[in-house]
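Colleague: Numbering (full-length UniProt numbering), first residue to last: 1 to 319.
Ideal Cβ positions, reconstructed from N, Cα and C, are used throughout, including at glycine.
So that we are looking at the same thing, I have put the structure below in C-alpha cells.
Here you go:
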C-alpha cells in the first residue's frame, strides 16, 4: 500500500516542526553560551553587580552615583570637623587617639600644683637624686643637717639629671633650684656630678646674691679688709694728738701712717693746727676737714694748698 497524499503532507509537516524545534534549541544553546561570563575582578573583566551602599568591602560590585554622593557628603562633613574640632562627639577619645591624653593630664596637674604643691622632706642625697626632672614642690630637710643648704621651707625644682646611659647605679647627680618661701632673696643653685668613682659625693650649693640678698664682706672674701678698715677707724679715734716740733717728726713717720697732729708752740711746721695727716712715698699730705695741703720732702719744700675734698673729721677734742 502506498501512502496517500495526506499522509505525505503530515509527514513533511512533522519533519518541518522537528527541524524548527532543533533550530530553536540550537539558538537557545548558543544564546546561553554568550551569557556564560565570569564575575569581574580587579585583574579580569566580567559581569559586575551594581551597589548603592557605602559599607561593603566587596570588590566585585560597582558603586552607583548614589553611593558616590553619600561618600562625598560624608567626607566633606568630616573635613569640616577636622578644621575646628568643635563638634567632636568624644573629646577624651580624640585626645587618646591623638596621643594627647597624657599632655592634657600633665597640664591639669600643673595648674592644680600651682595652688597645692607636694611636700618633699629629703633625708639623704639619694632622695634628691631620685627626683624626676621638672619636679616642683615645697621642701625642707627631714632632719637638721640634711642634704639641703638651709633649714627653712623652700620651693624646689629639679632642673636636670645626670645622664646614665651605661646604667651604672653609682652614677648620680643633677641640678636643683631652691627659693626660700618666706624670702625671695634667699635662693640657691645646687649641682652634683658623681661618675661612680667618688665616695660620699654631695650636692654643692651656690647661694645667689641679689638686691634682696646683698653679700656680706665675709661672703666675698673681704672680711680681713673690713676688719682692717674698722680697726683703722677705731684707731684713729683712739689715738692721741701727735705734737709736731720739727720737720723731722713728719719725715720719721712710716709710709701709710695716719695721725692727728698739731704744731707744738712755738713750732710752725704744719701750716695750720688741728688736722689729719699721713705720709705716702716721699710726700707728706696734711688735711683738715675743709682744706688740704701737700708738701714733698718737707725739709726743703713749702706747703702747697690742694683743692678740698670730703674727709673724715678729726677726733672730737682735737681741733
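Using alpha carbons as the reference points, say which of 187, 203 and 11 lies closest to residue 212.
Modeller: The residue labelled residue 212 in the question sits at position 212 within the chain shown. For residue 212, the nearest C-alpha among the options comes from 187.
Colleague: Grab me the residues of residue 49's own chain with a C-beta within less than 6 Å of its C-beta, minus the 5 sequence neighbours each way, in chain order.
Modeller: For the purposes of this step, residue 49 is taken as residue 49 along the chain shown, with counting starting at 1. For residue 49, where only same-chain residues beyond five positions count, the Cβ hits under 6 Å are 61.
Colleague: What is the residue span of the alpha helix (DSSP H) that residue 250 lies within?
Modeller: Within the chain shown, numbered from 1, the residue matching residue 250 stands at position 250. Run containing residue 250: 247-251, per the alpha helix (DSSP H) assignment.
Colleague: Looking only at C-alpha atoms, which of 170, 162 and 180 sits nearest to residue 148?
Modeller: Within the chain shown, residue 148 is the residue found at index 148, counting from 1. The residue with the shortest Cα to Cα distance from residue 148 is 180.
Colleague: I believe residue 193 touches residue 156 by the beta-carbon criterion, under 8 Å. Please report the beta-carbon distance rounded to the nearest angstrom.
Modeller: Indexing the chain shown from 1 puts residue 193 at position 193. Indexing the chain shown from 1 puts residue 156 at position 156. Not a contact, Cβ separation roughly 19 Å.
Colleague: According to DSSP, simplified to helix, strand and coil, what is residue 168?
Modeller: Translated into positions along the chain shown, residue 168 becomes position 168. Residue 168 falls in the coil class under three-state DSSP.
Colleague: Under a Cβ-count criterion, where at least 16 other Cβ atoms within 10 Å of its own Cβ denotes burial, should residue 320 be classed as buried or exposed?
Modeller: In this structure the chain extends from 1 to 319, so residue 320 is not present and cannot be described.
Colleague: Report the residue from 244, 133 and 250 whose alpha carbon sits nearest the alpha carbon of residue 268.
Modeller: Here residue 268 refers to the residue found at position 268 when the chain shown is read from its first residue. Selected option, being the one with the closest Cα: 244.
Colleague: Can you tell me whether residue 126 is buried or exposed? The criterion is at least 16 other CB atoms within 10 Å of its CB, across all chains shown.
Modeller: Sequence index remark: in the chain shown, residue 126 carries index 126 (1-based). So residue 126 counts as exposed.
Colleague: Leaving out the 5 sequence neighbours to the left and right, which residues in its chain are closer than 6 Å to residue 142 when beta-carbon positions are compared?
Modeller: Residue numbering aside, residue 142 sits at position 142 when the chain shown is read from its first letter. Excluding residues within five positions, the ones whose Cβ falls inside 6 Å are 121 and 123.
Colleague: Under the rule that 16 or more other beta-carbon atoms within 10 Å means buried, what is residue 39, buried or exposed?
Modeller: On the chain shown, residue 39 is found 39 positions in, with the first residue counted as 1. Under this definition residue 39 is an exposed residue.
Colleague: So residue 52 packs on residue 64, CB below 8 Å; how close in whole Å?
Modeller: Working through the chain shown from its first residue, we reach residue 52 at position 52. Working through the chain shown from its first residue, we reach residue 64 at position 64. Indeed they touch by this definition, with Cβ atoms about 4 Å apart.
Colleague: Between which two residues does the alpha helix (DSSP H) containing residue 128 stretch?
Modeller: The count along the chain shown starts at 1 and reaches residue 128 at position 128. Counting along the chain, the alpha helix (DSSP H) containing residue 128 begins and ends at 125-129.
Colleague: Could you tell me the distance, in whole angstroms, from the CA atom of residue 265 to the CA atom of residue 209?
Modeller: In the chain shown, residue 265 corresponds to position 265, counting from 1. In the chain shown, residue 209 corresponds to position 209, counting from 1. Those two C-alpha atoms are separated by around 55 Å.
Colleague: Excluding sequence positions up to five away, which residues of its chain have a Cβ less than 7 Å from the Cβ of residue 9?
Modeller: The residue you call residue 9 lines up with position 9 of the chain shown. Here the set comprises nothing.
Colleague: Just grab the DSSP bridge partners of residue 192 for me.
Modeller: Along the chain shown, read from residue 1 onward, the residue named residue 192 stands at position 192. In the DSSP output, where bridge partners are listed per residue, residue 192 has 174.
Colleague: Where does the unbroken beta strand (DSSP E) through residue 155 begin, and where does it stop?
Modeller: Taking the chain shown and counting its residues from 1, the one referred to as residue 155 is at position 155. Element bounds for residue 155: 154-161.
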